[in-house]
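Here the structure is laid out as structure tokens; the discussion comes afterwards.
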Amino acid sequence: MDNTSDLFRRLEQLNTIGAALSKERNIDRLLESILIAAKTITHADGGTLYRTTEDGKALRFEILRTDSLHIAMGGTTGNAINFPNLPLTKDNGETNDSMVAAYAAIHDKTVNIADAYTEAGFDFSGTRSFDERTGYRSQSFLTVPMKNHEGEIIGVLQLINAVDTKTQQVNSFSSA
752 MDNTSDLFRR
762 LEQLNTIGAA
772 LSKERNIDRL
782 LESILIAAKT
792 ITHADGGTLY
802 RTTEDGKALR
812 FEILRTDSLH
822 IAMGGTTGNA
832 INFPNLPLTK
842 DNGETNDSMV
852 AAYAAIHDKT
862 VNIADAYTEA
872 GFDFSGTRSF
882 DERTGYRSQS
892 FLTVPMKNHE
902 GEIIGVLQLI
912 NAVDTKTQQV
922 NSFSSA
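So for the sequence shown, our numbering puts the first residue at 752; every next one is plus one.
See below:
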């Protein structure tokens with residue numbers, strides 16, 4: 752498939768998704784649809800959707816999916832996510848720039864990481880712990896702040912492991 756037809760297919764997917772999302776009134780289903788659509792469009796194996804807590808001091812795991820591990824938690828699944836919130840500030844009041852999802856929310860920046868195991872500047876110890884427990888290898892990350900209609904950060908969408916559809920190999924997320 753050439754780049755033009757791939758782009759056309761993705762635009763058609765976005766149009767279909769946008770129409771479906773505009774009709775959804777259940778917030779869990781809406782957020783789940785956003786995560787699944789983002790995973791589909793980017794060919795991501797996994798993804799997490801975080802929402803800011805009511806006090807605005809942390810990110811709460813809302814929905815988690817990893818297709819290759821058959822993990823589906825949060826959202827409409829009925830499977831609780833028992834991971835601790837990600838604080839946006841440290842105990843000393845400094846911003847929590849060491850966690851990529853917190854960094855994206857705090858600085859309103861998309862972060863694209865090719866390989867979490869070689870990336871300097873972020874703490875991926877929780878990711879490594881998850882990988883050790885499951886045998887997974889979290890590699891590429893695309894972390895995007897989510898905003899409401901007033902431009903306020905309401906959460907973070909994090910996609911994990913972009914998969915090449917031809918080779919099935921994990922690669923980095925496109926910067927385009």
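The beta carbon of each residue, even a glycine, is placed where N, CA and C say it ideally should be.
For the set Glu805, Thr827, Ile792, the Cα lying nearest the Cα of Leu893 is the one of Ile792. The segment 864 to 872 makes no contact with the segment 821 to 837; the number of CB pairs closer than 8 Å stays below 3.
Residue environment: Glu901 is assigned as exposed (fewer than 16 neighbouring CB atoms within 10 Å of its CB, all protein chains considered). Around the CB of Glu783, 16 or more other CB atoms lie within 10 Å, so the residue is classed as buried.
Take the alpha-carbon of Lys860 and the one of Gly886: they are about 30 Å apart. A straight-line Cα-Cα distance of about 14 Å links Ala913 and Leu786.
In this structure, Asn777 sits away from Arg811, with a CB-CB distance that is not shorter than 7 Å. Unbroken alpha helix (DSSP H) runs of no fewer than 4 residues, entirely contained in the segment 862 to 898, are found at 876 to 885, following chain order.
Straight across, the Cα-Cα distance linking Asp882 with Gln890 is about 10 Å.
The beta carbon of Asn899 sits closer than 7 Å to those of Ile905, all from its chain and outside the five residues before and after it, given in chain order. Shown here for Pro838: same chain residues with a beta carbon closer than 6 Å to its own, the five before and five after excluded, namely Ala809, Asn847 in chain order. Within the DSSP secondary-structure output, Tyr801 pairs in a beta bridge with Phe812, Val907.
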